[in-house]
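Residue numbers for the sequence shown, in the working numbering: 618 to 1358.
Don't be surprised by glycine CBs; every beta carbon is placed ideally from N, CA and C.
Worksheet: one structure, shown below.
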Amino acid sequence: NSKDSINNDEQNLLSNNQQSSFDPEGSSEENYIHNFNLPFELTNAYLEKGIDKLYNWQMECLKMEGVLEGKRNLLFSAPTSAGKTMVSEILMIKKVIETGKKALMILPYVSIVNEKTQYYQNLLSSTHLNIVGYFSNSKPAPFEKIDIGICTIEKANSLINRLIEENTYSKLGAVVVDELHMIGDEHRGYLLELLLTKLRYVLKDDLQIIGMSATLPNIDEIARWLNAALYITDYRPIPLKEYIVVNNTIYNSKFEPVRKFKFEAHPCDSNYMVPLIDEVINNNNSVLVFCPTKYNCEQCARTLSHFLLKNGDEKAKEKRRELIAQLSRCPAGLDSTLEITVICGIAYHHSGLTMEERELLEEAFRQGIINVLIATSTLASGVNLPARRVIFDQPFIGIEFINSFSYTQMKGRAGRKGKDTQGESYLICSEKYLKRVKELVNKDHDPVNSCLICEQKGMKRALLEVISSGIVKSMKDVKDYIQCTLLYYQEFERIGSSHSKESLTKEFNETKNINNVIKNNDIHDNNEFISTSFGRATIGSSLSPEESIIVYSELKKAMLEFVLLDELHMVYHVTPIYSIPEPNWSHLLKLYNELSPIHRHIANIINLNEGFIIQAIHRRPDFKPSLPYRRFYSALMLNDLIHETDFNEVVNKYQVNRGNLQTLQVLSSTFAGMVTIFCQRMGWTNFELLVQQFQDRLIFGIQKVLLFFFFKKKKKKYIIYLYIYIIIIKLFYEYFYIFNK
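Written out as structure tokens, the structure reads:
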């Protein structure tokens, strides 16, 4: 009964006031790690990291009925840096060791997956457990050979699809979902809901789901959906003090003035950021500054470097010179701004940097070599880099006013466990935005809602995946499956109504007729739904239905007129459809007019024309009609890279951000892998072999002659045969052109 479930969950809510009678640090004997029956080697590994006992809130959470035994799902909320991960990893590791089943940990970003994979590989190195990361273009071991998989949301969904398709999902014993509030994200939330719905539908009580979040206002509703025990705490090991800076006055979170700057602000530092930073770094502490845009980050770093020239002694500056030398050896060379700022202990951090640059700067910040890091909001949701003080340059992310979710997450980076006695957050704003800032500071978070029905996109994929995998075969199955969704729990009064039935019928017809993915003419309870080869290819490749339609139609067209004389045409087909940079249209026109005859021929096959580019210069075009031009522009860059054009040369030639170019490489490599599987499932063997080679070439930026070093012997001969075939075709075309001349 849903109401009983709500009441039970409400009884499980524990407020911080109820915990105040306990020692938050956990002095009780039962709080010690050795009481959890973990392997001796693991207990020692925790001790080496300085962890010998749990906080009281962690113990109370674990001691909830059925949780530690792995018989009950758990959903809990705690502030950033409160120790959420410790609870989830104890449950996850115990489940794997005690049952012999496997576990998945689902994280929102590649950077966190990479970080956590390394952490668990190190933590569990003395055990027999095999820890593998699934993200981007990584090629990890088969699932049957791992014990714990650390995944992005997309990789987790793909992996779960495969387990269901192969009927091996019963091997899964635990799934940990960090940042569960992401389920309300308009871009990726539906995927998270989708994978949890599938798990609840097929595994029911045979799986322990552990969800956690720092910011989840309607957590009781999510807990009811997951049939989970619920625990809430607002305990923070490092207290956070929150301040707002307006002109020369600093206010506390109640907007009471606490102090004033007694000197006039410098014209280049009108918001008093320099003294706010100076008073922290003079005590050998670190500062994290959040700026609205990438451009603001770089400008702020340059400005601060003029004021903080004396930041650090000679020993610190020697380490910074070493860091500058390391940065100069990165693929893109030494950035001109970092060259100036790093020696002052200042750096910026955003997606415009390459992965190598970001990793070097992150480690330097952890070690204190860099003590002022200026970043965009993505840092707060990505890598864990806490600081003594967090400063908001403006209450904006991009051109949008900062929302309560992001603000809570970003200010939560203040305070380093084991180093600081408290964390401090300073939000700088002008009088113009003071009213909105007051609302922001005092506002409760908006509830998290299902994204499954958004524009029918989520529901279409939700139905397609379970029909393709064979776990949903009839309308009755569909109804049972729908009841496992968050959407059902939030709007269950509409499910089963005539309106909902008509909507569902329309959705099926749309999926069947437009996408050609389901074999069935009518939708009745007794009819069986069967996925077409196109539907199976869509799910097997992890392409969205919308992406698969584009891939299918463009590859079918390419079969009739495919250019083998140059690789650009194939590179275009493995260029991602979404998440690609918008070209500088004026620059694209220049490049278009300079295309070689063969590249112009490829552009014509793709139906590009000069007139559209000229119009785009004067008026920004809509996304859909501009998509082929965006992809072609990106394909030109990628084509240069795989023919080993210098990275910096490509950056300058196409006027693209070096970090974005590297991201494009990674995304295209991943997309090439997806298109390869799509072709394989469709039975397009020749295309599969052609596309397959690009997955490695794109990520390494190498010509095909070097590709053989990356293939196993058993595959090499087939690739060789295909290249011989291509060479023959090329010779034929060359002879044909010469003959016609």
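Status (buried if at least 16 other CB within 10 Å, exposed otherwise) for residue i
| i | result |
| --- | --- |
| Cys1296 | buried |
| Gly801 | buried |
| Gly926 | The sequence shown places Leu at residue 926, not Gly. Leu926 comes out exposed. |
| Pro759 | exposed |
| Gln735 | exposed |
| Pro696 | buried |
| Gly667 | exposed |
| Leu996 | buried |
| Val904 | buried |
| Pro874 | exposed |
| Phe693 | buried |
| Gly683 | exposed |
| Asp1359 | Residue 1359 falls outside the range modelled here, since the chain spans only 618 to 1358, and no answer is possible. |
| Ile1019 | buried |
| Tyr649 | exposed |
| His1235 | exposed |
Distance, residue j Cα to residue i Cα
| i | j | result |
| --- | --- | --- |
| Ile714 | Glu1171 | 48 Å |
| Ala1031 | Pro1003 | 6 Å |
| Glu1048 | Ala1079 | 47 Å |
| Glu973 | Ser1086 | 39 Å |
| Phe1371 | Lys871 | Any property of residue 1371 remains undetermined from this structure, which presents the chain solely from 618 to 1358. |
| Ile898 | Leu940 | 19 Å |
| Lys877 | Ile1014 | 27 Å |
| Gln1310 | Glu761 | 26 Å |
| Ile1259 | Tyr1209 | 20 Å |
| Asp640 | Thr850 | Here the model assigns Asp640 a pLDDT of 48, short of 50, so the residue's position is not dependable and the matter cannot be decided. |
| Glu686 | Ile710 | 12 Å |
| Leu820 | Gly790 | 9 Å |
| Asn1201 | Leu944 | 28 Å |
| Ser775 | Glu1211 | 41 Å |
| Glu796 | Arg1217 | 47 Å |
| Ser1148 | Met1076 | 16 Å |
| Glu859 | Gly1029 | 10 Å |
| Val1083 | Glu1145 | 13 Å |
| Thr702 | Leu1315 | 35 Å |
| Tyr737 | Ile748 | 7 Å |
Residue i (DSSP reduced to helix, strand or coil)
| i | result |
| --- | --- |
| Ile1131 | Confidence at Ile1131 is low in this model, with a pLDDT of 41, below 50, so the placement of that residue is unreliable and no value is reported for it. |
| Met829 | strand |
| Pro909 | coil |
| Ala1004 | strand |
| Ser1148 | strand |
| Gly801 | helix |
| Pro1242 | helix |
| Leu789 | strand |
| Leu1160 | coil |
| His1186 | helix |
| Lys858 | strand |
| Asn739 | helix |
| Cys914 | helix |
| Asn731 | helix |
| Lys927 | coil |
| Arg946 | coil |
| Phe1311 | helix |
| Phe872 | coil |
| Tyr1195 | coil |
| Lys718 | coil |
| Tyr649 | strand |
| Glu1211 | coil |
| Leu940 | helix |
| Lys1090 | coil |
| Val959 | helix |
Chain D contact for residue i (CB, 8 Å cutoff)
| i | result |
| --- | --- |
| Arg853 | The structure shown contains no chain D; it is built from a single protein chain. |
Rounded distance between the beta-carbons of residue j and residue i, thought under 8 Å
| i | j | result |
| --- | --- | --- |
| Asn928 | Gly962 | 4 Å |
| Ile1099 | Tyr1105 | 6 Å |
| Pro856 | Pro1064 | No, Pro856 and Pro1064 are not in contact; Cβ-Cβ is about 28 Å, not under 8 Å. |
| Val989 | Leu921 | 6 Å |
| Val704 | Leu679 | 6 Å |
| Ile827 | Leu691 | 5 Å |
| Lys1060 | Ser998 | Contact flag wrong, Cβ pair sits at about 19 Å. |
| Cys908 | Thr993 | 7 Å |
Any chance you could list the beta strand (DSSP E) runs of at least 3 consecutive residues sitting entirely within the stretch 663-714, in chain order?
690-694
Continuous alpha helix (DSSP H) assignments of at least 4 residues falling wholly in the stretch 1019-1075
1021-1028, 1051-1059
Entirely enclosed beta strand (DSSP E) segments - the stretch 1268-1299, minimum 3 residues
none
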